[in-house]
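If you're matching them up, the sequences are chains A and B in order. In terms of our numbering, the first sequence is residues 519 to 749. In terms of our numbering, the second sequence is residues 34 to 270. Note that beta-carbon positions come from the ideal geometry of N, C-alpha and C, so glycine has one too. Working notes for the structure below.
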Amino acid sequence: MQSKPIALTVLDIVSVIVLGISTYLALVFAPTEAVMGDVQRVFYFHIGTAWTGLLGFIIASIAGIAYLVSKDMKWDRFGVAAVEVSTVFFFLTIVLGSIWARPAWNTWWTWDPRLTTAAITELIYVAYFMLRQGLDDPEKRARFGAVYTLLGGPSAILTFLVIRLFRSIHPVLTNAAEKAQETMGMTGNMKVAFFFALFAFTVIFIDLIWHRVRLGSLQEKVEQLKLNASS
Amino acid sequence: MNPDIFTPRDTARPSFPGAVLAIIQKDLTAEFRSRELFSAMLVFSLLVIIIFNFALELDITVRKSVAAGVLWTTFAFAGTLGLNRSMAVEKDRGCMDGLLLAPVDRSAIFFGKAISNLVFMLIVEAIVLPVYALLYNEMRILQPGFLGVILLGSIGYIAVGTMLATMSVQTRMREILLPILLFPIAVPVLLAAVKVSGGLIAGAEWPEILTPLNILIVYDVVFVSIAYMVFDAVVEE
Numbered sequence: 519m520q521s522k523p524i525a526l527t528v529l530d531i532v533s534v535i536v537l538g539i540s541t542y543l544a545l546v547f548a549p550t551e552a553v554m555g556d557v558q559r560v561f562y563f564h565i566g567t568a569w570t571g572l573l574g575f576i577i578a579s580i581a582g583i584a585y586l587v588s589k590d591m592k593w594d595r596f597g598v599a600a601v602e603v604s605t606v607f608f609f610l611t612i613v614l615g616s617i618w619a620r621p622a623w624n625t626w627w628t629w630d631p632r633l634t635t636a637a638i639t640e641l642i643y644v645a646y647f648m649l650r651q652g653l654d655d656p657e658k659r660a661r662f663g664a665v666y667t668l669l670g671g672p673s674a675i676l677t678f679l680v681i682r683l684f685r686s687i688h689p690v691l692t693n694a695a696e697k698a699q700e701t702m703g704m705t706g707n708m709k710v711a712f713f714f715a716l717f718a719f720t721v722i723f724i725d726l727i728w729h730r731v732r733l734g735s736l737q738e739k740v741e742q743l744k745l746n747a748s749s
Numbered sequence: 034m035n036p037d038i039f040t041p042r043d044t045a046r047p048s049f050p051g052a053v054l055a056i057i058q059k060d061l062t063a064e065f066r067s068r069e070l071f072s073a074m075l076v077f078s079l080l081v082i083i084i085f086n087f088a089l090e091l092d093i094t095v096r097k098s099v100a101a102g103v104l105w106t107t108f109a110f111a112g113t114l115g116l117n118r119s120m121a122v123e124k125d126r127g128c129m130d131g132l133l134l135a136p137v138d139r140s141a142i143f144f145g146k147a148i149s150n151l152v153f154m155l156i157v158e159a160i161v162l163p164v165y166a167l168l169y170n171e172m173r174i175l176q177p178g179f180l181g182v183i184l185l186g187s188i189g190y191i192a193v194g195t196m197l198a199t200m201s202v203q204t205r206m207r208e209i210l211l212p213i214l215l216f217p218i219a220v221p222v223l224l225a226a227v228k229v230s231g232g233l234i235a236g237a238e239w240p241e242i243l244t245p246l247n248i249l250i251v252y253d254v255v256f257v258s259i260a261y262m263v264f265d266a267v268v269e270e
């Protein structure tokens, strides 16, 4: 039984600290937005979870390719970890977005292209877990999971691009921020809170994936021991 | 189609197009004899359109704005029916193993199955579209541009559908799983197809439908190439 690596413990502590700092920056340090008021503060975490969510889906696609090429189960564990953490983060993104949308758009939900594609991306990865559940053979589960994340990757990318391709009411943040009318003009302190939130959620994301990968390999070890004991 | 494909004149591996054609021929012959799949898809499509008729109360004003959505929903549902059936037949009677034993490239099997699925879907569409046009007096859905969009949308949908159907028949949930796997993945294709065909019905300007049309073509290429590359991984035992 290998014990928990020290680096992981350190990362746990760092995660909690950066989450605390990021909360402080978002809720206290950043100035109140002139038009939207305090509800705009939800945006820092919204972006943090959205970024890590989409990142995880794309990482899962890459892990899928790596698995199909190498047939090494460690890539499967990595892919599952990325999808699991991302599914939760992406769900949080949608919930946080709704909280912002209620006062800003006067509705919790609207069938805007951005929101629609986000909901569908979330559903793809719910279907991913159903697919895995329907397969008993771990090798086949890994293979099909890898193929499915590969197909899901383009959808995650479309979610990111859709506000630039279709007319959408969702605010645009990156590229030509000065030119776009509906951009959220950010002051210096807002930018600090924004970039720190991105950093904090990336750290938390890595920490959670590490935990999940470790859990996956421990699970496999237990299976193996059970097989040995019964034979 | 070349009837010589089946004659064992030489023991050399059949060419790639030859293998694809052989699989298409097999599927079409089997389907022509039983007509199970085709009649089920066709009757189902017509039923869905009739249900839409009173579910949405398709009067003359509503009709124009929802026609594209109604048609694509119908084709998507009928498509899953066909895809499930076409793969379940292979799986149940152990035909898939036979196909895999054949000394041909695995991707030839994929293209063979995908093209025969596409043919079934196109036949159903070729009957449903004129019927819809007649019933709802909507002749614009028969213009060449609209039919082109139907073809493009069907290609993307069937490419990814054939792949996922091959996966879902191997799971414990079998047929139930296919729509759950397929619909969210196929949404970019369906979304773009509905936008383009809706635009064509409404008589929209060319630049307006260009973006969704590009997305549709890009996703066709992406899905066909991903399916081509990973089909091996889905069928190996």
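The residue among A:K744, A:N624, A:G671, A:L649 with its C-alpha nearest the C-alpha of B:I213 is A:L649. Counting C-beta pairs closer than 8 Å gives fewer than three between the segment 588-601 of chain A and the segment 614-624 of chain A, which falls short of the contact rule. Counting along the chain, A:F596 sits inside the alpha helix (DSSP H) bounded by residues 591-623. In the DSSP assignment, A:F561 falls within the alpha helix (DSSP H) that extends over 560-588.
Chain A places no beta carbon closer than 9 Å to that of B:M129, leaving this residue out of the contacts. Nearest CB-CB separation between B:L246 and chain A: not below the 9 Å threshold. Distance from A:A636 to A:I612 at the Cβ level is roughly 6 Å; contact confirmed, criterion being Cβ atoms closer than 8 Å.
Non-local beta-carbon contacts of B:G145 in its own chain, meaning distances under 6 Å to residues more than five positions away in sequence, involve V53, I56, I57 in chain order. In this structure B:P163 is exposed. Its beta-carbon is surrounded by fewer than 16 other beta-carbon atoms within 10 angstroms. Exclusion of the five residues before and after A:I642 leaves G670, S673 as the residues of its chain whose Cβ lies within less than 7 Å of its Cβ. Per DSSP, B:Q176 lies in no alpha helix (DSSP H) segment and is marked neither H nor E. Annotation: the continuous alpha helix (DSSP H) that includes A:R732 extends over 706-748.
Here the C-alpha atom of B:L175 lies approximately 44 Å from the C-alpha atom of A:W569. Annotated three-state conformation of A:G652 is coil, per DSSP. The Cβ of A:M591 sits no closer than 9 Å to any Cβ of chain B. Counting every other CB atom within 10 Å of its CB across the protein chains shown gives A:I638 a total of 16 or more, marking it as buried.
When secondary structure is reduced to three states using DSSP, A:E551 falls in the strand class. Taking 9 Å as the cut-off, the beta carbon of A:A660 is found closer than this to the beta carbon of A:W593. Cβ contact annotation for B:L79 (same chain, cutoff 8 Å, sequence separation greater than five): V161, V164, in chain order. If you compare the alpha carbons of B:L249, B:S201, B:T244 with that of B:S187, the shortest gap goes to B:L249.
Rounded to the nearest angstrom, the gap between the Cα atoms of A:F717 and A:G566 is 8 Å. Restricting attention to B:V137, B:G236, B:M74, the CA atom closest to the CA of B:L116 is found in B:M74. A:W626 sits in coil when the DSSP states are folded into three classes, being neither helix nor strand. Residue-level contact check: B:P240 does not touch chain A, since none of the beta carbons of chain A fall below 9 Å from its beta carbon.
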